[in-house]
Amino acid sequence: DWSFKNFSVSYCHQFMMMLQGRVPVRVRLFLIVDPPGWFDSIWKIMKTMLSKDFQKKVHMIPASELSKHLEKDCEENLPDDIQCGKASTDDIVSDFVAFRKYMESKK
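Note that full-length UniProt numbering numbers the sequence shown so that position 4 is 4, with each residue one more than the last.
Below, the structure written as structure tokens:
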């Protein structure tokens, strides 16, 4: 499991810059689902790295509220390691790794 000891400010900064449009992706909504109790400590650091506009896109929610933010029947595509997810987490990760290997082989 990921824990506070895995946190690094430099990685956090790179991630925050990516989320705010430093890569060719547009983020309209960023959900943090079921964050652990210690996440508030990290969030205080992360939040300062985000523009005010982007901060408004970030919402911390319980898994039970996901359906309010996502498309109907989204549970079929969410990983089964969260409360309402039905898709195999292992399969999702394997598919992603295979896709990245394929994409990187085309460079």
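Beta carbons are placed, not taken as given, at the ideal position from N, Cα and C, and that holds for glycine.
For the candidate residues the options, whose alpha-carbon lies nearest to that of residue i?
i      : options                            : result
Cys-12 : Ile-42, Leu-29, Glu-76 and Tyr-102 : Ile-42
Ile-82 : Phe-15, Pro-35 and Arg-26          : Pro-35
Val-33 : Ser-51, Ser-94, Gly-85 and Phe-99  : Gly-85
Quick one: residues in its chain with C-beta nearer than 8 Å to the C-beta of residue i, no 5 flanking neighbours on either side, listed in chain order?
i      : result
Thr-48 : none
Leaving out five residues before and five after residue i in sequence, what residues of the same chain have Cβ atoms less than 7 Å from its Cβ?
i      : result
Leu-31 : His-59, Ile-61 and His-69
With the cut-off set at 8 Å, would you say residue i and residue j are in Cβ contact?
i      : j      : result
Ala-87 : Glu-71 : no
Starting from the C-beta of residue i, find all residues in its chain whose C-beta is less than 6 Å away, skip the five residues before and the five after it, and write them out in chain order.
i      : result
Phe-54 : Gln-20
Leu-29 : Lys-57
Leu-50 : Met-16
Requested in this report: For the UniProt domain "CRAL-TRIO" (1-82), list the beta strand (DSSP E) runs that are entirely contained and at least 3 residues long, ordered along the chain.
Outcome: 30-33 and 58-61
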